[in-house]
Amino acid sequence: MSADDLKFVTWVKLRRRSTCSPPVPAECRPKSSISPPLEALKLVVDRAPTLRCAGRDRVRQLIPHQYSLYNPPMNQAQRQYNKQQVETLIPHGFHSRDVTRPRSDQYEHPVVQRAIALIGFPSPDAIGSTFYEYFNPMPLPTVAFALTTVQFCIEEWETGVFKAKELRAERQYNTYCAHLKGLQQYESAAIARMTRFRREWFEFA
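Residue 114 in UniProt numbering sits at position 114 of the sequence shown, and the numbers go up by one each step.
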């Protein structure tokens with residue numbers, strides 16, 4: 001590894017410790033809060049760009065089917081329907097089981113588990129598949145990353161017609177932080193429920 005890669009690995013360790021360690025007593029923390037091996041962090045360094053872009057490309061295919069969008073819209077009425085649907089989905093409705101009720105049954109939409117699987121577990125040599133023990137139960141930062149990707153892909157339909165956008169990590173940072181905060185707040189309010197979700201997401205992936 002180069003000096004820059006070693007610096008990045010150190011940063012990953014520090015960020016993982018700060019974002020993944022839940023604010024609960026040590027004895028109550030899940031076993032997955034232990035530090036991952038250096039090999040796993042090297043894999044993150046090597047595959048981070050691919051993880052973002054390839055994951056986005058796979059998740060894109062989910063959007064029209066999961067949210068019943070016309071692909072492509074054949075007339076103005078269909079385009080307007082798509083546009084209104086996107087307005088319903090963003091920023092919270094898309095991960096609720098009933099997208100018209102964004103504050104009920106959060107994180108229960110099938111797109112959540114499917115996006116996690118497509119991003120982190122698409123092949124036997126993927127990060128999630130190779131180091132699966134560190135994803136059981138599914139870490140909240142991983143879920144937040146998947147939610148951020150889904151939201152980005154939905155926003156590509158904001159005009160009612162699909163239009164690819166450039167994926168810039170710095171522009172997605174605030175979205176990621178918002179989703180991570182929402183997940184952490186949900187877990188603190190309903191820890192048993194979120195623990196079940198995290199286990200089910202891992203098992204599906």
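Every residue gets a Cβ at the ideal spot worked out from N, C-alpha and C, and that includes glycine.
What you are looking at is a predicted structure, and each value in this text was computed from that prediction instead of being measured.
DSSP beta-bridge partners of residue i
| i | result |
| --- | --- |
| S104 | S104 pairs with nothing; no bridge assigned. |
| S96 | Q106 |
Where residue i falls: helix, strand or coil (DSSP)
| i | result |
| --- | --- |
| G128 | helix |
| N71 | coil |
| R168 | coil |
| A26 | Unreliable positioning characterises A26 in this predicted model, as indicated by a pLDDT of 46, which lies under 50. A coordinate reading is not provided. |
| N82 | helix |
| S188 | helix |
| A205 | coil |
| E156 | coil |
| V161 | coil |
| N136 | coil |
| I63 | helix |
| M194 | helix |
| F145 | helix |
| I90 | coil |
| S21 | For S21, the pLDDT reaches just 49, beneath the cut-off of 50, and the residue's location in the model is therefore unreliable, leaving the point undetermined. |
Contact set for residue i: own chain, Cβ-Cβ below 6 Å, skip 5 residues either direction
| i | result |
| --- | --- |
| Y56 | Note on identity: in this sequence residue 56 is Arg, with Tyr being the wrong assignment. Once the five neighbours on either side are set aside, the close Cβ partners of R56 are T149, L167. |
| H65 | none |
| A189 | none |
| E200 | none |
| V112 | H95 |
| Q84 | none |
Supposed contact pair residue j and residue i - C-beta distance, whole angstroms, cut 8 Å
| i | j | result |
| --- | --- | --- |
| A144 | L183 | 6 Å |
| R97 | D105 | 4 Å |
| A205 | I63 | No, A205 and I63 are not in contact; Cβ-Cβ is about 19 Å, not under 8 Å. |
| V59 | C153 | 5 Å |
| E203 | L140 | Contact doesn't hold; Cβ gap of about 17 Å is too wide. |
Same chain, Cβ closer than 7 Å to residue i, neighbours up to 5 away in sequence not counted
| i | result |
| --- | --- |
| P30 | Here the model assigns P30 a pLDDT of 45, short of 50, so the residue's position is not dependable and the matter cannot be decided. |
| P102 | H92, G93, S96 |
| F197 | Y107 |
| Q78 | Y70 |
| F194 | According to the sequence provided, residue 194 is Met. The question's Phe does not apply to it. Y186, E187. |
| T142 | I116, G120, F135 |
| P122 | R58 |
| G128 | G120, F121, F135, A205 |
| T88 | V99, T100 |
Neighbourhood of residue i by C-beta distance below 8 Å, restricted to the same chain and skipping five residues each side
| i | result |
| --- | --- |
| N82 | L69, Y70, P73, W157, G160, V161 |
| R171 | none |
| Q151 | I90, P91, F94, T175, H179 |
| A126 | G120 |
| R155 | The sequence given here places Glu at residue 155; Arg does not occur at that position. If we look at E155 and ignore the five residues flanking it on each side, its Cβ neighbours are V86, I90, K165. |
| Q76 | none |
| L118 | G55, R58, V59, L62 |
| P110 | Q66 |
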